[in-house]
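Presented below is the structure to which this report refers.
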Amino acid sequence: MENNWEVIKQKKTEHLEKELTIFVGKLERIRSNQISLELLKGLIISYGKGKKPLKEIASLRISPNNELVVRSFEPGITSLISKTILDKKLGYKVERITKEEVYFTLTSIATEDKEKLIKEVKLITEGGKKEFRIIHQEMKNWLKKASGLSQDQKKNYEKQSDELVKDYQNKLLKAEEKKIKELNS
Numbered sequence: 001m002e003n004n005w006e007v008i009k010q011k012k013t014e015h016l017e018k019e020l021t022i023f024v025g026k027l028e029r030i031r032s033n034q035i036s037l038e039l040l041k042g043l044i045i046s047y048g049k050g051k052k053p054l055k056e057i058a059s060l061r062i063s064p065n066n067e068l069v070v071r072s073f074e075p076g077i078t079s080l081i082s083k084t085i086l087d088k089k090l091g092y093k094v095e096r097i098t099k100e101e102v103y104f105t106l107t108s109i110a111t112e113d114k115e116k117l118i119k120e121v122k123l124i125t126e127g128g129k130k131e132f133r134i135i136h137q138e139m140k141n142w143l144k145k146a147s148g149l150s151q152d153q154k155k156n157y158e159k160q161s162d163e164l165v166k167d168y169q170n171k172l173l174k175a176e177e178k179k180i181k182e183l184n185s
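Sequence positions in the sequence shown follow our numbering and run 1 to 185.
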């Protein structure tokens, strides 16, 4: 039965890791007072006869002056890229445009908007913690149904389960804390 526990533990660890990645990704895509390339992840540009992801038609970087720099792979479409980013209302402001590059800075977040964003961060974190609790409960249910394990083994495995889930909850809480700190900076 010990081997089965290791298999269950491994599967649930992978599930926890996947959920953590999803929820941290959601947190990273929330606008803050710091330039973030994550905000533009998945942005689609209507280009030519179709739509293309921004990453296929331009490169992104953060300059030493803390500006978002979008460098188009084709000259002449920088204004299209600029318009699309501004239309998404992500808080960016165009500083300057050249043939190949658009330079953006962030506008400051109003106090009321900051409070809404912090609430959103907390809701996302709660969603993640809920998912972790579900996974934890699945592990406990498996232990209850497991036959051939001594009480000591069950207690040991339950302790491992508790520690594993707590570790992932702490990682999520650190991501939440980091995002709130970014919003307040």
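Every residue, glycine too, gets a C-beta built ideally from N, C-alpha and C.
Check the Cα spacing between LYS129 and each of GLN169, LYS49, VAL121: the tightest is with GLN169. By the neighbour-count definition (other C-beta atoms within 10 Å, threshold 16), ILE124 is a buried residue.
For ILE97, the uninterrupted beta strand (DSSP E) segment begins and ends at 92 to 97. Within 10 angstroms of the beta-carbon of SER46 lie fewer than 16 other beta-carbons, which makes it exposed. A Cβ-Cβ contact shorter than 8 Å links ASN33 with LEU183. Sixteen is the threshold: since fewer than 16 other Cβ atoms of the shown chains lie within 10 Å of the Cβ of SER63, the residue is exposed.
Checking the DSSP bridge columns, you'll see LEU60 partnered with VAL70. Residue environment: ILE180 is assigned as buried (16 or more neighbouring CB atoms within 10 Å of its CB, all protein chains considered).
Linking ARG96 to GLU28 through their CA atoms gives a straight-line distance of about 26 Å. For the pair of segments examined, the stretch 132 to 152 was found not to touch the stretch 63 to 73: the number of CB pairs separated by less than 8 Å stays below three.
Cα atoms of SER36 and ASN4: separation of roughly 42 Å, rounded to the nearest angstrom.
Secondary structure at GLY50: strand, using DSSP grouped into helix, strand and coil. Cβ neighbours of GLU19 within its own chain (closer than 6 Å, five residues either side excluded): GLU131. Beta-carbon to beta-carbon, ILE135 and LYS12 are separated by about 6 Å, close enough to satisfy the 8 Å threshold.
Contact holds between the stretch 44 to 61 and the stretch 80 to 87, because three or more Cβ pairs, one in each stretch, are under 8 Å apart.
Around the CB of SER147, fewer than 16 other CB atoms lie within 10 Å, so the residue is classed as exposed.
In the same chain as LYS122, and ignoring 5 residues on each side of it, the C-beta atoms closer than 8 Å to its own belong to GLU176, in chain order.
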